[in-house]
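Step one of this worksheet: look at the structure below.
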Amino acid sequence: MAISGLKTILEHSMPDAFHDSAARYPPPKCHFGTRKDYINQITDWALGQSEHKEHVLWLRGPFGIGKSAVAQSFAEVIKRLDRLAATLFFSRSNADRDDPLRVITSLAYQIATICDSFANIIDARIRKDPSLTTKSLSTQFEELLVTPLSQIDSETRDSLEGRVIIIDGLDECRGTPEQLELIRIIALSAQNRTTPFRWFVTSRPEDPIIRTMNSTSISSVVYRIELPVSRSIDHEILLFLTDEFTKIRESHGLQATWPTDEVLALLVERGAGLWVYVSTIIRFINDENSFGPEDQLEIVMKFIGDVSDKVEPNNPLAEMDCFYTLIMQRIPLNIQTMVRRVVLLHSMGHSSTDITDILSLSVERLRRCCVSIQSVMELQGSSHDRSSPDYLRLHFYHASFIDYLTDPARSREICVRGELLVRWRQELLEWLHFVYAHTTDSSHFVFPAGASLPKDLDGGTHHNGVLDHFWDLCYWPNQPIDIPTAVSISNLPFRKMLSLLSGKELVYINPNDIEQLHKNLPIEFHSKVLRREKCPTPGCTSKKTIYILGHGDTQAIVYMDDEGDLVLHNNQNWGPDKCPCGAQIKRHGQDGKGH
Numbered sequence: 001m002a003i004s005g006l007k008t009i010l011e012h013s014m015p016d017a018f019h020d021s022a023a024r025y026p027p028p029k030c031h032f033g034t035r036k037d038y039i040n041q042i043t044d045w046a047l048g049q050s051e052h053k054e055h056v057l058w059l060r061g062p063f064g065i066g067k068s069a070v071a072q073s074f075a076e077v078i079k080r081l082d083r084l085a086a087t088l089f090f091s092r093s094n095a096d097r098d099d100p101l102r103v104i105t106s107l108a109y110q111i112a113t114i115c116d117s118f119a120n121i122i123d124a125r126i127r128k129d130p131s132l133t134t135k136s137l138s139t140q141f142e143e144l145l146v147t148p149l150s151q152i153d154s155e156t157r158d159s160l161e162g163r164v165i166i167i168d169g170l171d172e173c174r175g176t177p178e179q180l181e182l183i184r185i186i187a188l189s190a191q192n193r194t195t196p197f198r199w200f201v202t203s204r205p206e207d208p209i210i211r212t213m214n215s216t217s218i219s220s221v222v223y224r225i226e227l228p229v230s231r232s233i234d235h236e237i238l239l240f241l242t243d244e245f246t247k248i249r250e251s252h253g254l255q256a257t258w259p260t261d262e263v264l265a266l267l268v269e270r271g272a273g274l275w276v277y278v279s280t281i282i283r284f285i286n287d288e289n290s291f292g293p294e295d296q297l298e299i300v301m302k303f304i305g306d307v308s309d310k311v312e313p314n315n316p317l318a319e320m321d322c323f324y325t326l327i328m329q330r331i332p333l334n335i336q337t338m339v340r341r342v343v344l345l346h347s348m349g350h351s352s353t354d355i356t357d358i359l360s361l362s363v364e365r366l367r368r369c370c371v372s373i374q375s376v377m378e379l380q381g382s383s384h385d386r387s388s389p390d391y392l393r394l395h396f397y398h399a400s401f402i403d404y405l406t407d408p409a410r411s412r413e414i415c416v417r418g419e420l421l422v423r424w425r426q427e428l429l430e431w432l433h434f435v436y437a438h439t440t441d442s443s444h445f446v447f448p449a450g451a452s453l454p455k456d457l458d459g460g461t462h463h464n465g466v467l468d469h470f471w472d473l474c475y476w477p478n479q480p481i482d483i484p485t486a487v488s489i490s491n492l493p494f495r496k497m498l499s500l501l502s503g504k505e506l507v508y509i510n511p512n513d514i515e516q517l518h519k520n521l522p523i524e525f526h527s528k529v530l531r532r533e534k535c536p537t538p539g540c541t542s543k544k545t546i547y548i549l550g551h552g553d554t555q556a557i558v559y560m561d562d563e564g565d566l567v568l569h570n571n572q573n574w575g576p577d578k579c580p581c582g583a584q585i586k587r588h589g590q591d592g593k594g595h
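Put into structure tokens, the structure is as follows:
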């Protein structure tokens, strides 16, 4: 069987989001003896042994309640019964697990691994038209699932009938419109039976998802199960804590009376039915980068005593936030800013490779930063080779930690937005102003004293990277630029900036980023930083409206490519007959053809 088409579809999939992926190991799953009622209920539905005959099951519940653990445990049960078709565990806090345009390809690839005839059809279709992997969601669903499934023989299709596709954490898929489109596509397929599968979907009960699931056209094909925050599972949490403390006690040779029953009871009480809270506490107590589990438990008990009067009863979110604050406060002061910047970049979608480049961190320094927050994340992979699939990557155990650190109302002064972002923009601006004041040409860059050049990077590439990152911070959504920063941006020598850019690595700004930049900038600075107007170059033959960076003597014309992206590169010295905007220049006395 040819594999080139399947290889292409794998390259456009999210293998890190599969239920048995090494990137998720060990995956969250229900502790032995817990959530049995829910798993049995879902398994009965999957096997057609339930009174509910709908082909879509939606499990909803608030953050930290254990939806992913239920989905993982169910996936393992149904896999053993040979009734699993495909899985997808979204995570907005982990790279390569939230792309809506890789959902259908991910499902199609997994189905191909269990059905040879489907694999052959998919392989041939991708060979003929590799662009299918880049089409819209609805087109991909039709071309990579519905049509190929209609072409397999009836006996093979029967073998797929009723197999389950699991989509966990739909609310963590990037983009609300895309989330809702996925729901509509799945529901329509279930209604018209264009695919033979049962669909198990989990999500938080967010308003757009609720409204779509409850709409007239979708409601009738959806079976709903709610997973609420409830004290009725206290006995399950106690079972989990007892077993985990037994493992810790045996590993460290501690007394059988540690911890006391009173301590266990208090941890169950403070957990208030929230699995993410107790699992994070266990990782904190078991942190190897500490003075040991007994000392860590003392810290937890002091924390519980300190916050007991500060949070409202039955508000586990506030208790969770307080514990996250404790974790952040225990980071050594000399690396706290760096750790927050690592989290900030990760929340913006940067990979570990990007992060080490942007922050000029060695792999070892990145590892040391991550050790300080290993109660909430881990650095996976062992290879230092960037081309290796086992290259280091950041894995956060739960999206709630990223939610906390990016919400100023919850994390306050340690939020990775706000003051941290303002200071970072200003630092980069100071760096850029220094470089432009002291560098005369692109053959020899002058950087601030004490600045270290990342390994294997020349000065031009390093400058391009810093500039690219600076703009990235400026058009991050809903992060207004303060007046002093806006003044500093408007005073950049934009013409010199472009003249120093290396041609090896271009800096791009897409139209959506331009719009966001204008939203972030104070309105009085729009025309001073980036504006659209007719090309001001004398003799330019272009009739198009173009972009201009800056104002006055330092302004620079920006080239726009065929996709509408602004391309920041050295377009200031294209010769006498070509304008920086890309058009020809008609000089006085020329024949009108620009020659």
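Every letter in the sequence shown is one number past the one before it in UniProt numbering, and letter 216, counting from 1, is 216.
The beta carbon of each residue, even a glycine, is placed where N, CA and C say it ideally should be.
Collapsed DSSP secondary structure at residue i in the structure displayed
i: L453; result: coil
i: Q584; result: strand
i: M14; result: coil
i: E161; result: coil
i: V221; result: coil
i: T147; result: helix
i: V507; result: strand
i: G592; result: Note that G592 scores 45 on pLDDT, short of 50, meaning its location in the model is unreliable; the coordinates nonetheless yield the value given after this. The answer is coil: DSSP assigns G592 none of H, G, I, E or B.
i: A124; result: helix
i: F291; result: coil
i: I557; result: strand
i: K29; result: coil
i: L241; result: helix
i: F89; result: strand
i: V268; result: helix
i: R412; result: helix
From the options, residue whose alpha carbon lies closest to that of residue i
i: E566; options: E430, L241, D513, V307; result: First, the amino acid is wrong: residue 566 is Leu here, not Glu. Nearest of E430, L241, D513, V307 to L566, Cα basis: D513.
i: N464; options: I402, R368, S106, V507; result: V507
i: R341; options: R330, I327, T356, W275; result: T356
i: V276; options: R60, D153, K67; result: K67
i: H462; options: H438, L432, Q479; result: L432
i: F197; options: G162, E172, Q191; result: G162
i: V558; options: F447, I548, N478; result: I548
i: residue 605; options: S351, D354, L361, F396; result: Any question about residue 605 goes unanswered here, given that the chain covers just 1 to 595.
i: K544; options: S527, H551, D562, D553; result: D562
i: A583; options: M560, G550, T541, N570; result: T541
i: W258; options: N510, G273, L241, S189; result: L241
i: P148; options: A108, K128, D129, R127; result: A108
i: I114; options: L160, P130, K128; result: L160
i: residue 597; options: P26, K79, A69; result: As shown, the chain starts at 1 and ends at 595. That puts residue 597 outside it, with no answer to give.
i: S443; options: L500, E378, K128; result: L500
i: L317; options: G271, F303, T353, L361; result: G271
i: R365; options: V376, T353, S375; result: T353
i: I358; options: A265, A437, E430, L457; result: L457
Opening and closing residue of the alpha helix (DSSP H) in which residue i lies
i: L394; result: Here L394 belongs to no alpha helix (DSSP H); instead the beta strand (DSSP E) covers 393-396.
i: I514; result: 511-520
i: L345; result: 333-347
i: V487; result: 483-490
Close beta carbons around residue i, own chain, < 8 Å, minus the five adjacent residues each side
i: L137; result: P100, L101, V103, I104, E178, E181, L182, I185
i: G592; result: Its pLDDT being 45, under 50, G592 is placed unreliably by the model, and the measurement read from it follows with that caveat. So the qualifying residues of the chain are K586.
i: L6; result: Y109, A112, A119, I122, D123, I126
i: S230; result: G273
i: T156; result: C115, S117, F118
i: A256; result: R249
i: G594; result: Confidence at G594 is low in this model, with a pLDDT of 41, below 50, so the placement of that residue should be treated as unreliable; the coordinate-derived value is given next. Contacts found: T541, D577, Q584, I585, K586.
i: D287; result: Q296, Q374, S375
Proximity test, residue i beta-carbon vs the ligand GDP heavy atom, cut-off 7 Å
i: T216; result: Here there are no bound small molecules, and the ligand GDP is not part of this structure.
Boundaries of the beta strand (DSSP E) in which residue i is found, first to last residue
i: S203; result: 198-203
i: L170; result: Note, L170: premise wrong, no beta strand (DSSP E); not H, not E.
i: I546; result: 545-549
i: A75; result: Not the beta strand (DSSP E): A75 falls in the alpha helix (DSSP H), residues 67-80.
i: L379; result: 377-380
i: K578; result: Careful: K578 lies outside any beta strand (DSSP E) and carries neither H nor E.
Other residues of its chain near residue i: CB distance less than 6 Å, five sequence neighbours each side excluded
i: T202; result: L59, K67, A71, D168
Sequence-distant residues of its chain with Cβ nearer than 7 Å to residue i (five each side left out)
i: F434; result: P448
Segment contact flag, the region 165-180 with the region 85-96, C-beta cutoff 8 Å, min 3 pairs: yes
For the region 75-89 against the region 19-26, do three or more pairs of beta-carbon atoms, one drawn from each stretch, fall closer than 8 Å, so that the two count as touching? yes
I want to know whether the region 318-338 touches the region 397-417 - three or more CB-CB distances under 8 Å. yes
Would you check if there are 3 or more beta carbon pairs closer than 8 Å linking the region 520-531 to the region 482-499? yes
So does the region 470-486 actually touch the region 425-443, counting three or more Cβ pairs closer than 8 Å? yes
Any contact between the region 36-50 and the region 291-299? By contact I mean 3 or more CB pairs, one from each, below 8 Å. no
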